[in-house]
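One line per chain: the protein sequences are A and B, in this order. In terms of the numbering used here, the first sequence opens at residue 19 and continues consecutively. In terms of the numbering used here, the second sequence opens at residue 582 and continues consecutively. Note that beta-carbon positions come from the ideal geometry of N, C-alpha and C, so glycine has one too. This one's a predicted model, so the numbers in the text were calculated from it and none came from an experiment.
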Amino acid sequence: MPVLVYTENADGKFKKSIFEAVSYARAIADQNNTSLTAISIGNVDTAELSSLGNYGADKILNVSSEQLKNFVNQAYASIIAKAAESEGAAIVVLSNSFSGRGLAPRVAVKLNAGIADGATALPQQADGKLTVKKTAFSGKAFATVELTSDKKVISLTPNTYKVEEKPTGAQPENFTVETNASDFAIMLKDIAKSTDKVSLPDAEIVVSAGRGLKGPENWGMIEQLADLLGAATACSKPVSDAGWRPHSEHVGQTGITVSPNLYIAIGISGAIQHLAGISSSKVIVVINKDADAPFYKVADYGIVGDAFEVVPKLIEAVKAYKASS
Amino acid sequence: MKILVCISNVPDTTTKITFTNNNTQFNSAGVQFIINPYDEIALARAIELTENGNGSVTVIHVGEAANEPTIRKALAIGATDAVRINAPAHDAFFVAAQIAEYAKENQFDLILTGRESIDYNGSKVAAMVGELLDIPSVSVIKKLDVEGNTATVEREIEGGKEVLSIPLPFVAGTAEGVAEPKIPNMRGIMSARTKPLTVIEPVVVTTNSEILVYETPAPRGQVKMIAADDVAQLVSLLHNEAKVI
Ligand SMILES: Cc1cc2nc3c(=O)[nH]c(=O)nc-3n(C[C@H](O)[C@H](O)[C@H](O)COP(=O)(O)OP(=O)(O)OC[C@H]3O[C@@H](n4cnc5c(N)ncnc54)[C@H](O)[C@@H]3O)c2cc1C
């Protein structure tokens with residue numbers, strides 16, 4: 019019974035988190051000695067679709083129509099569920115993206131499947147049992163969940179599984195499914211792209227700043243540092259509550275949970291609610307003028323100093339490093 | 582407009598999370614429980630949308646009697662009435678099935694949940710209720726306006742937002758931006774005591790997931806301090822030692 023992976027696209031392109039999901043699904047297929055089918059919905063061109071074969075997809079299903087160009091939750095969920103049925107898939111993998119969060123539970127209900135959302139590791143499988151580790155308590159803990167149903171849906175947290183190349187040479191084939199008119203009740207009126215160059219949930223490096231920055235006018239240096247590092251910008255809750263930065267940047271227990279390779283926290287105290295959302299970062303750098311800030315307890319590297327002096331120096335140091343490498 | 586708001590009972594955000602029974606159970610000893618912060622946003626918006634007698638807000642909670650203070654708080658904030666499904670919230674599907682069952686019999690124009698609970702972080706209930714009722718769902722919304730039989734919502738996407746138009750009824754998971762949480766006032770607290778809180782027995786649902794064990798993140802090593810006038814060293818460590826740039 020093959021594994022099915024849903025490959026979400028952004029403007030016709032697959033992001034790294036999707037290749038992570040395909041690599042992850044490939045490893046699950048290997049655990050079960052079975053094949054991997056990828057399904058793409060929306061208008062993605064052949065070259066981009068074929069790239070799914072580089073990460074282990076044995077079969078690439080393409081569902082494309084004008085009506086499906088933009089994400090429509092109900093219609094997409096029903097297509098994925100129908101593909102899972104026609105492929106006889108027992109396990110469906112998705113990325114735990116904003117869209118994935120709306121889709122995966124609907125797919126699970128349609129398939130009568132148990133769901134493990136926000137998985138952070140490969141499942142363990144033995145005697146037909148499948149257990150998966152996922153974050154809980156907003157990153158303050160992990161839970162290992164057993165899915166007791168026959169069919170299973172797993173959504174993968176971005177940045178928690180390595181992209182692995184495994185070329186299969188698979189070529190896309192069209193897949194047609196009937197959709198119901200009622201699946202298109204939600205109408206897209208407008209898309210507003212933020213000016214951020216890197217989206218926070220997918221970012222490998224995050225430069226984050228807190229109330230220590232004193233005001234929105236001081237974010238120029240944060241953006242400049244992020245730009246240099248190819249990082250996304252983030253902030254603490256009081257910063258977004260004050261309207262200095264958009265809510266979509268607020269990281270923590272009641273904000274976005276991130277798991278980048280590098281999290282740089284500038285002028286953030288490290289309150290328990292903030293730490294909750296960032297604790298699975300691989301490396302944490304803290305810059306704070308208070309040597310007793312709680313953040314140092316979880317940091318890997320720390321600099322005690324005034325952000326207004328340290329950050330400009332850091333920008334220069336990163337520039338020098340870039341110039342020399 | 583009849584709005585159903587789903588609320589969950591979660592450990593206060595300052596809680597240090599620990600486990601008992603060989604890490605198989607959350608240790609609730611000494612833990613203060615609150616309304617899930619995102620559900621408070623949903624509740625606040627529901628109250629705004631029904632202001633001036635323009636409808637009603639029912640809160641629904643799947644959980645045991647011990648959680649009633651959380652429900653009373655929602656009533657004190659301004660919900661019209663409350664329903665408690667008398668069963669431990671086993672998993673998201675169990676909860677969603679109970680909510681969907683109640684919603685089927687009581688016809689709501691709008692069902693709101695928080696975008697996720699801060700304990701199990703599922704963000705699954707909204708979409709599952711939508712699927713079970715065969716109505717649209719949007720999982721993370723940042724703005725919600727209703728005019729007549731149509732709502733305009735903003736949905737969060739990676740790197741931006743989408744503006745969507747959705748016919749009622751539908752289910753949505755609310756996030757910041759939708760409303761500011763409300764604080765109960767004295768009048769609200771007094772009237773909450775007399776507002777109806779109905780207890781309903783659960784419908785039978787086969788649950789399909791089981792948490793076997795919990796763990797807390799591995800402790801980090803000691804922080805390496807770098808002098809403020811030697812940031813070049815930080816860059817070099819990030820490159821050579823940590824290998825993250
Ligand atoms: C229900 C609830 C949920 C919450 N959820 C979240 C959440 O999800 N995310 C979150 O972040 N918070 C959350 N909080 C808030 C949290 O408790 C803290 O208030 C918040 O994280 C503090 O933000 P901060 O560190 O930016 O500000 P502060 O606590 O004001 O700290 C500012 C820091 O900047 C330092 N500083 C000041 N000036 C400088 C300078 N010139 N250079 C360098 N350093 C300087 C100070 O030493 C201090 O450590 C929540 C709170 C509640 C009640």
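Span of the beta strand (DSSP E) around residue i
i, result
"Asp726 (chain B)", "718-728"
"Ile658 (chain B)", "First-last for Ile658 (chain B): 649-658, but that is the alpha helix (DSSP H), not the beta strand (DSSP E)."
"Thr86 (chain A)", "Checking the sequence, you will find Leu at residue 86 (chain A) rather than Thr. Counting along the chain, Leu86 (chain A) falls outside any beta strand (DSSP E), and DSSP gives it neither H nor E."
"Ala625 (chain B)", "No beta strand (DSSP E) holds Ala625 (chain B); the alpha helix (DSSP H) holding it covers 618-630."
"Asn821 (chain B)", "That residue, Asn821 (chain B), is in no beta strand (DSSP E); its alpha helix (DSSP H) goes 812-821."
"Arg736 (chain B)", "731-738"
"Tyr571 (chain B)", "The requested residue 571 (chain B) is not part of the displayed model; chain B covers only 582 to 826."
"Lys152 (chain A)", "147-154"
Beta-carbon neighbours of residue i, restricted to chain B and to distances below 8 Å
i, result
"Lys268 (chain A)", "Per the sequence shown, the amino acid found at residue 268 (chain A) is His instead of Lys. Simply Glu757."
"Phe160 (chain A)", "Tyr795, Glu796, Thr797, Pro798"
"Pro219 (chain A)", "Glu739"
"His265 (chain A)", "Lys723, Ala756, Glu757, Gly758"
Any C-beta of chain A under 8 Å from that of residue i
i, result
"Gly659 (chain B)", "no"
"Ser720 (chain B)", "yes"
"Arg626 (chain B)", "no"
"Thr779 (chain B)", "no"
"Val816 (chain B)", "yes"
"Ala623 (chain B)", "no"
"Leu691 (chain B)", "no"
Residue i at chain B interface by Cβ criterion, 8 Å
i, result
"Val111 (chain A)", "no"
"Thr153 (chain A)", "yes"
"Gln271 (chain A)", "yes"
"Phe37 (chain A)", "no"
"Arg124 (chain A)", "yes"
"Met205 (chain A)", "yes"
"Arg119 (chain A)", "yes"
"Val336 (chain A)", "yes"
"Leu140 (chain A)", "no"
"Val224 (chain A)", "no"
Partners in chain B for residue i, counting only beta-carbon separations shorter than 9 Å
i, result
"Thr64 (chain A)", "Within 9 Å Cβ-Cβ: nothing; Thr64 (chain A) doesn't reach chain B, min ~24 Å."
Residue j beta carbon less than 8 Å from that of residue i
i, j, result
"Tyr179 (chain A)", "Ile98 (chain A)", "no"
"Asp690 (chain B)", "Lys583 (chain B)", "yes"
"Lys128 (chain A)", "Ala95 (chain A)", "yes"
"Leu703 (chain B)", "Glu712 (chain B)", "Going by the sequence as given, residue 703 (chain B) is Gly instead of Leu. Not closer than 8 Å, so no."
"Asn608 (chain B)", "Thr599 (chain B)", "yes"
"Ala325 (chain A)", "Ile274 (chain A)", "no"
"Leu86 (chain A)", "Ile57 (chain A)", "no"
"Gly132 (chain A)", "Ser718 (chain B)", "no"
"Leu231 (chain A)", "Ser266 (chain A)", "no"
"Ser287 (chain A)", "Gly228 (chain A)", "yes"
"Gly74 (chain A)", "Val40 (chain A)", "yes"
"Asp318 (chain A)", "Val804 (chain B)", "yes"
"Val586 (chain B)", "Ala647 (chain B)", "no"
Distance cut-off 7 Å: residue i Cβ against heavy atoms of ligand 2
i, result
"Lys763 (chain B)", "Summarising the ligand content, the structure contains ligand 1 and does not contain ligand 2."
Rounded C-alpha distance that separates residue i from residue j
i, j, result
"Lys824 (chain B)", "Leu818 (chain B)", "8 Å"
"Glu152 (chain A)", "Ile680 (chain B)", "It is Lys, not Glu, that sits at residue 152 (chain A) in the sequence shown. About 25 Å."
"Ala660 (chain B)", "Glu737 (chain B)", "27 Å"
"Tyr339 (chain A)", "Gly248 (chain A)", "14 Å"
"Tyr42 (chain A)", "Val225 (chain A)", "27 Å"
"Val171 (chain A)", "Tyr795 (chain B)", "20 Å"
"Val638 (chain B)", "Asp726 (chain B)", "16 Å"
"Glu649 (chain B)", "Gln613 (chain B)", "13 Å"
"Gly295 (chain A)", "Gln271 (chain A)", "5 Å"
"Asn306 (chain A)", "His820 (chain B)", "21 Å"
"Gly187 (chain A)", "Ser68 (chain A)", "8 Å"
"Lys300 (chain A)", "Asp220 (chain A)", "14 Å"
"Ser342 (chain A)", "Glu182 (chain A)", "29 Å"
"Ala122 (chain A)", "Asn177 (chain A)", "18 Å"
"Ile223 (chain A)", "Met771 (chain B)", "50 Å"
"Trp237 (chain A)", "Ile652 (chain B)", "41 Å"
"Ile165 (chain A)", "Ala101 (chain A)", "Strictly speaking, residue 165 (chain A) in this sequence is Leu, with Ile absent from that position. Looking at the two C-alpha atoms, the distance is approximately 21 Å."
"Ile302 (chain A)", "Met767 (chain B)", "44 Å"
Listed by chain order, chain A residues near residue i by CB distance under 7 Å
i, result
"Gly611 (chain B)", "What Gly611 (chain B) touches in chain A: nothing, since even the nearest Cβ is about 15 Å away."
Boundaries (first-last residue) of the alpha helix (DSSP H) holding residue i
i, result
"Lys337 (chain A)", "325-342"
"Ile274 (chain A)", "Unbroken run through Ile274 (chain A): none, as it is neither H nor E."
"Arg696 (chain B)", "Counting along the chain, Arg696 (chain B) falls outside any alpha helix (DSSP H), and DSSP gives it neither H nor E."
"Glu164 (chain A)", "Counting along the chain, Glu164 (chain A) falls outside any alpha helix (DSSP H), though it belongs to the beta strand (DSSP E) covering 159-165."
"His292 (chain A)", "290-294"
"Ile240 (chain A)", "238-247"
Amino acids of chain B, ordered along the chain, whose beta-carbon sits closer than 7 Å to that of residue i
i, result
"Thr149 (chain A)", "Leu793"
Per-residue contacts from residue i into chain A (C-beta, under 9 Å)
i, result
"Thr694 (chain B)", "Those do not exist, as Thr694 (chain B) stays about 11 Å from chain A at its closest Cβ, beyond 9 Å."
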